[in-house]
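Structure, as structure tokens:
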Amino acid sequence: MSTGTVKFFNTEKGFGFITPDEGGKDIFVHKTGTRGPIFEGDKVTFEVEQSPKGLNAINVEKS
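The following block contains the structure:
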């Protein structure tokens, strides 16, 4: 499991980005990859998967 902070999340469009605590590029998150609502500034845990468009956060939940 990775940890990070929600940098941005648009609840209307259902996507956003997480800044990982270990550094590196921000990771895309779609609402289908979350376990409950998340908001900008939330500390979260998540798993990372590779997609054709880059890295995606899945199983995202507030920590």
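Note that the sequence shown covers residues 78 to 140 in our numbering.
Ideal Cβ placement from N, Cα and C applies to all residues, glycine included.
Everything numeric in this text was worked out from a predicted model, so none of it was measured.
Quick one: what's got a C-beta closer than 7 Å to residue i's C-beta in the same chain, skipping five residues either side?
i, result
"Lys-90", "none"
"Phe-85", "Gly-93, Phe-94, Glu-117"
"Glu-126", "Asn-133, Ile-135"
Secondary structure at residue i, three-state DSSP: helix, strand or coil?
i, result
"Lys-108", "helix"
"Phe-113", "Rather than Phe, the amino acid found at residue 113 in this sequence is Gly. Gly-113: coil per DSSP, three-state reduction."
"Glu-89", "coil"
"Ser-140", "coil"
Taking just the CA atoms, how far does residue j sit from residue i?
i, j, result
"Lys-130", "Thr-109", "16 Å"
"Asp-98", "Val-83", "11 Å"
"Thr-88", "Gly-101", "24 Å"
Near residue i, what residues of its chain come up, given a Cβ to Cβ distance below 6 Å and the 5 sequence neighbours on each side ignored?
i, result
"Met-78", "Thr-122"
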